[in-house]
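Residue numbers (this note's numbering), protein chains in the order written: chain A, 1 to 334; chain B, 1 to 334.
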């Protein structure tokens, strides 16, 4: 087998194309809405409308987990592309503008009709934690034909968000992307996204991790949900033999990176004030993958993830506001 | 003449109904775009699209000068209403949600077709100053029939933004509102909005100030533009005999309030870091008018404006994020 050609891009991400609507709620309001704090709930259009009308004034910002990651990676200087579906509406234009303006190649055609561009109601509690309700909208229109095989073949890493297992067409798109990436000798990365999402798709995720995933991202509750255990060590023992690298984020306790027969415990980057944890995992993955595609040590990869995550939790929204390339260069010199 | 009945609301604002798209630019980019820093330029749909595609990623937030004022006033606890036109599109839904969620009565029907909801591209330079390009869109559909006369008759203050002189139908709506308010013995307040806007409508503004305005808001460049002088004192001498109160904002130098035969120099409220000056004048007007309708001294009115303005310039966007009622109560105890 001939080694693969040098990659033409560094990170290709496939994900739901979402605009976030961020608002502040207190814990009792969250409870009154029947939502489980810190998680993502799928809602239909009527539920989204009802919920939105119960919320206070908002701020809108492009989002989507894998989209946030690839925007962060682009801002860190690597070559990136994104596959996901918006509708040709105002929120779709905003999403498309923002991701392209960040330097990400984004060519998936917008749906001309059907459901509106996906919207995520992000409710931020006073402790800076976020709870999300997503109306997938036009994201469900993504299908396997949207996967540009040449793009996948040329990408050093194809990065998938677990959330994309929810829309059935998108799931097929993921499967095609995985098959093409593996055939081309490229790396596949997956984030488990959310413990309830893991619950919905455990068999698929176990199968993917077993057979296809090279780099796995998860937080504690997601990885323990995957292996249906209460114990992080148990989960790590289960996953370690199956993937090249597992990066487990632990909020203010930093991250644990397992790979190459080593375990690296990476501290969290200090933050003056945590404002909104939306996108923390997404930006950790961005920093980590930029390190990984740049041949950095696993410890440095983790540190780069931690610095990018620290920036995103220090303000509202999941897209970087500061020059994260400068922050990473200063904090994790190469 | 019988005195007017007790007001049923405190502040009614008429203005352009706008969603802001905030992004960061440096001074050279602003110059390259041919824009005059610190001002508002009207653009058509094609110009807005061209400009938007030249800008970096953005954050969307409801805006509109008078709308920002009345949202701030509602958050400060007074009874408010807003008249302005959106289209029935996604940005129109966002504007409508946000202003109602803040507690403002907003019943102007959305346009079913025609131009999109108005959008303002707000470019924030590293010195935190904002430069704006506005596509008036559906705002131009506002007309005199949208003025609810009973609402105007019941409002202690009818507040008008100078920007509303740009769309001709809105101008007629303003004129009707002014006539009704004066006939009902209520106060009329006007903000001059922008020095270029003053240039476009000087004769109308001079006439309004001469005959109808009780409370005038302006910054230094707007009031000196109105009287075509370089000297603030000259402008103050011109305006003082014509209005009950003139509140002239002077950025970090605070404000000068002239009224009741007195001049009050009000210091600016200290701010840890100025992030974005968008909405500073709008929130000054909010705090001031809440003080005025509550019977506070002119000095307290100015201080209340300064505290509200300080909150808005300490973050991105022109809608308050902090509890400004608590801030005002703490800083300007009544």
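Glycine residues also receive a C-beta, built at the ideal position from the N, C-alpha and C atoms.
Open item on the list: Within 8 angstroms, do at least three Cβ pairs link the region 189 to 201 of chain B to the region 158 to 168 of chain B?
Closed with: Using a Cβ-Cβ distance cut-off of 8 angstroms, the region 158 to 168 of chain B and the region 189 to 201 of chain B are in contact, since at least three pairs of beta carbons, one from each stretch, lie closer than that value.
Open item on the list: Quick check on residue 319 of chain B - is its C-beta less than 8 angstroms from some C-beta in chain A?
Closed with: Here residue 319 of chain B refers to the residue found at position 319 of the second chain. It does: the Cβ of residue 319 of chain B has a partner Cβ on chain A nearer than 8 angstroms.
TODO: For residue 79 of chain B, name the three-state secondary structure that DSSP assigns.
DONE: By 1-based counting over the second chain, the position of residue 79 of chain B is 79. It is coil, neither helix nor strand.
- [ ] Kindly list the residues whose CB is nearer than 7 angstroms to the CB of residue 89 of chain A, restricted to its own chain and excluding five residues on each side of it in sequence; keep chain order.
- [x] Translated into the one-based positions of the first chain, residue 89 of chain A becomes position 89. Taken in chain order, the residues that qualify are 116 and 117.
TODO: Assign residue 211 of chain A to one of two classes, buried (16 or more other C-beta atoms within 10 Å of its C-beta) or exposed (fewer than that).
DONE: Numbered from its first residue, the first chain carries residue 211 of chain A at position 211. With fewer than 16 other Cβ atoms within 10 Å, it is exposed.
Task: Proximity test, Cβ basis, 8 angstroms: residue 58 of chain B and chain A - done: The residue you call residue 58 of chain B lines up with position 58 of the second chain. Contact with chain A is found for residue 58 of chain B, since one of that chain's Cβ atoms lies less than 8 angstroms from the residue's Cβ.
Task: Cβ-based contacts, 7 angstroms cut-off: residues of the region 87 to 109 of chain A near chain B - done: Result list: 89, 90, 91, 94, 97, 98, 101 and 102.
Task: Ordered list of beta strand (DSSP E) runs contained in the region 46 to 70 of chain B, each at least 3 residues - done: With a minimum length of 3 residues, the continuous beta strand (DSSP E) runs that stay inside the region 46 to 70 of chain B are 59 to 62.
Open item on the list: Measuring only the C-alpha atoms, how far is residue 187 of chain A from residue 103 of chain A?
Closed with: As a first step, residue 187 of chain A must be located in the first chain, where it is residue number 187. As a first step, residue 103 of chain A must be located in the first chain, where it is residue number 103. Rounded to whole angstroms, residue 187 of chain A to residue 103 of chain A spans 22 angstroms at the Cα level.
Open item on the list: Can you tell me whether residue 324 of chain B is helix, strand or coil according to DSSP?
Closed with: To locate residue 324 of chain B, count along the second chain from 1; it is residue 324. Helix at residue 324 of chain B.
Open item on the list: For the region 47 to 55 of chain B against the region 78 to 85 of chain B, do three or more pairs of beta-carbon atoms, one drawn from each stretch, fall closer than 8 angstroms, so that the two count as touching?
Closed with: In this structure the region 47 to 55 of chain B does not lie against the region 78 to 85 of chain B, because fewer than three pairs of beta carbons, one per stretch, are closer than 8 angstroms.
- [ ] Could you name each continuous beta strand (DSSP E) segment of 3 residues or more that falls completely within the region 124 to 158 of chain B, going from the start of the chain to the end?
- [x] Counting only unbroken stretches of 3 or more residues, the beta strand (DSSP E) elements lying wholly within the region 124 to 158 of chain B are 130 to 135, in sequence order.
Task: Beta-carbon proximity list for residue 78 of chain B, same chain, < 7 angstroms, skipping 5 on both sides - done: Along the second chain, read from residue 1 onward, the residue named residue 78 of chain B stands at position 78. Hits under 7 angstroms: 10, 11, 290 and 293.
TODO: My understanding is that residue 169 of chain A touches residue 147 of chain A, with C-beta atoms under 8 angstroms, so please give their C-beta distance in whole angstroms.
DONE: On the first chain, residue 169 of chain A is found 169 positions in, with the first residue counted as 1. On the first chain, residue 147 of chain A is found 147 positions in, with the first residue counted as 1. So it is not a contact: roughly 11 angstroms between Cβ atoms.
- [ ] Report yes or no: is there a C-beta of chain A within less than 8 angstroms of the C-beta of residue 26 of chain B?
- [x] Taking the first residue of the second chain as position 1, residue 26 of chain B is located at position 26. Residue 26 of chain B does not count as touching chain A.
Open item on the list: So the candidates are A:120, A:244 and A:224; which of them puts its Cα closest to the Cα of residue 260 of chain A?
Closed with: Counting from one through the first chain, the residue named residue 260 of chain A turns up at place 260. Closest by alpha carbon: A:244.
- [ ] Check the Cβ of residue 120 of chain A against every Cβ in chain B and list those closer than 7 angstroms, keeping chain order.
- [x] Counting from 1 along the first chain, the entry for residue 120 of chain A is found at position 120. Within chain B, no residue comes near residue 120 of chain A; the closest Cβ sits about 14 angstroms away, beyond 7 angstroms.
TODO: Determine the burial state of residue 265 of chain B: buried for a count of at least 16 other Cβ atoms within 10 Å of its Cβ, exposed for fewer.
DONE: Position 265 of the second chain, counted from the first residue, corresponds to residue 265 of chain B. Answer is exposed; the Cβ neighbour count stays below 16.
Task: Buried versus exposed, by CB contacts within 10 Å (16 or more), residue 295 of chain A - done: In the first chain, the residue the question calls residue 295 of chain A occupies position 295. It is exposed - the Cβ of residue 295 of chain A has fewer than 16 other Cβ atoms within 10 Å.
Task: Selection from A:66, A:65, A:127 and A:134 that minimises the alpha carbon distance to residue 50 of chain A - done: By 1-based counting over the first chain, the position of residue 50 of chain A is 50. Distance from the Cα of residue 50 of chain A is smallest, within the candidate group A:66, A:65, A:127 and A:134, for A:134.
- [ ] Go ahead and pull the three-state DSSP assignment for residue 186 of chain B.
- [x] Taking the second chain and counting its residues from 1, one reaches residue 186 of chain B at position 186. Shown here, residue 186 of chain B sits in coil according to DSSP, grouped into three states, outside any helix or strand.
TODO: Using DSSP bridges, identify the partner residues of residue 106 of chain B.
DONE: Translated into positions along the second chain, residue 106 of chain B becomes position 106. According to DSSP, residue 106 of chain B bridges with B:82.
Task: Contact set between residue 62 of chain A and chain B, taken where Cβ atoms lie within less than 8 angstroms - done: Position 62 of the first chain holds residue 62 of chain A. One finds 57 in chain B with Cβ atoms closer than 8 angstroms to the Cβ of residue 62 of chain A, taken in chain order.
Open item on the list: In whole angstroms, give me the CA-to-CA distance for residue 106 of chain B and residue 64 of chain B.
Closed with: Your numbering for residue 106 of chain B matches position 106 in the second chain. Your numbering for residue 64 of chain B matches position 64 in the second chain. In a straight line, the C-alpha of residue 106 of chain B is about 14 angstroms away from that of residue 64 of chain B.
Task: Reduced DSSP secondary structure (H/G/I, E/B, other) of residue 278 of chain B - done: Along the second chain, read from residue 1 onward, the residue named residue 278 of chain B stands at position 278. DSSP places residue 278 of chain B in the coil class of the three-state scheme, outside both helix and strand.
- [ ] Within the same chain, show all residues whose beta-carbon is closer than 8 angstroms to that of residue 325 of chain A, passing over the 5 residues directly before and after it, in chain order.
- [x] On the first chain, position 325 is the one that residue 325 of chain A refers to. Residues of the same chain with a CB within less than 8 angstroms of the CB of residue 325 of chain A, apart from the 5 flanking positions on each side, are 75, 76 and 77 in chain order.
- [ ] Report the residue ranges of all alpha helix (DSSP H) runs contained in full by the region 264 to 315 of chain B; include only those spanning at least 4 residues, in chain order.
- [x] Complete alpha helix (DSSP H) runs here, min 4: 280 to 293 and 298 to 312.
Open item on the list: Any beta carbon of chain B sitting closer than 8 angstroms to that of residue 323 of chain A?
Closed with: If you number the first chain from 1, residue 323 of chain A lands on position 323. For residue 323 of chain A, the nearest beta carbon of chain B is not closer than 8 angstroms to its own beta carbon.
Task: From B:318, B:332, B:315 and B:14, residue whose alpha carbon lies closest to that of residue 158 of chain B - done: Mapped onto the second chain, residue 158 of chain B falls at position 158. The shortest C-alpha to C-alpha distance from residue 158 of chain B to any of B:318, B:332, B:315 and B:14 is the one to B:14.
Open item on the list: How far does the beta strand (DSSP E) with residue 96 of chain A in it extend, from its first residue to its last?
Closed with: Stepping through the first chain from its first residue, residue 96 of chain A is reached at position 96. Per DSSP, residue 96 of chain A belongs to no beta strand (DSSP E); it is in the alpha helix (DSSP H), 90 to 101.
Task: Beta-bridge pairing of residue 237 of chain A - partner residues as DSSP gives them - done: Residue numbering aside, residue 237 of chain A sits at position 237 when the first chain is read from its first letter. Among the bridge pairs identified by DSSP, residue 237 of chain A is matched with none.
Open item on the list: Between residue 259 of chain A and the ligand NAD, is there a pair consisting of the residue's CB and a ligand heavy atom that are separated by less than 7 angstroms?
Closed with: In the structure shown, the ligand NAD is absent, as is every other ligand, since no ligand is present at all.
Open item on the list: Less than 8 angstroms between the C-beta atoms of residue 154 of chain B and residue 7 of chain B, yes or no?
Closed with: The residue you call residue 154 of chain B lines up with position 154 of the second chain. The residue you call residue 7 of chain B lines up with position 7 of the second chain. Yes, they are a contact pair.
TODO: Compute the distance between the beta-carbons of residue 302 of chain B and residue 263 of chain B, then report whether it is under 8 angstroms.
DONE: If you number the second chain from 1, residue 302 of chain B lands on position 302. If you number the second chain from 1, residue 263 of chain B lands on position 263. For residue 302 of chain B and residue 263 of chain B, no; Cβs fall outside 8 angstroms.
Open item on the list: Please tell me whether residue 159 of chain B has its Cβ less than 8 angstroms away from any Cβ of chain A.
Closed with: Taking the first residue of the second chain as position 1, residue 159 of chain B is located at position 159. Proximity of residue 159 of chain B to chain A, defined by a Cβ-Cβ separation below 8 angstroms, is not satisfied.
Open item on the list: Give me the chain A residues within the contact set of residue 116 of chain B, using Cβ-Cβ distance strictly less than 8 angstroms, ordered along the chain.
Closed with: Along the second chain, one-based indexing puts residue 116 of chain B at 116. Within chain A, 90 have C-beta atoms less than 8 angstroms from the C-beta of residue 116 of chain B, given in sequence order.
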